[in-house]
Amino acid sequence: MVEIAVANPVKSDEPISLAKVSSHEVFGEFCLFDDSPRSATARTIVKSRFLTFKKAAVLSLFDQKPRIGMIVMKNSGSILCSRLRDTDINLRNSLL
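Numbers 612 to 707, taken from the working numbering, label the letters of the sequence shown in order.
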């Protein structure tokens with residue numbers, strides 16, 4: 612399991628947890644959409660193994676195999692929408 616966290620502006624030694632990512636889930640997918648610096652830090656909570664990809668290699672694959680690119684982007688969009696929806700719900704609940 613991996614925890615995704617951001618810096619805590621009040622207590623720098625206590626990062627704010629944004630999400631926990633389980634086995635077979637993805638994170639870091641924002642890099643496919645823009646070149647901005649990372650918005651959060653990932654750290655392992657338990658012993659983990661990762662499969663990583665270089666952005667240039669992935670984009671090259673998409674150029675060579677557009678159908679693969681379309682499927683990956685569609686799935687990435689679904690994941691991002693689901694995570695945004697969860698964030699909206701959590702924000703709404705924290706305001707009530």
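Heads up, the beta-carbon is just placed ideally off N, CA and C, and yes, glycines get one too.
DSSP, reduced to helix, strand and coil, places alanine 668 within a helical segment of the structure shown.
For lysine 622, there is no enclosing alpha helix (DSSP H), as DSSP marks it with neither H nor E.
Put simply, of Asp674, Thr652, Phe664 the residue whose alpha carbon is nearest the alpha carbon of valine 632 is Thr652. Per DSSP, valine 683 is one residue of the alpha helix (DSSP H) stretching across 677–706. Per DSSP, the unbroken beta strand (DSSP E) holding valine 613 starts and ends at 613–617. If you draw a 10 Å sphere on the C-beta of valine 657, you find fewer than 16 other C-beta atoms in it, and that means exposed. If you look at alanine 653, you'll find it in the beta strand (DSSP E) that goes 652–655. Closest in alpha carbon position to histidine 635, among Arg678, Thr663, Asn701, Arg703, is Thr663.
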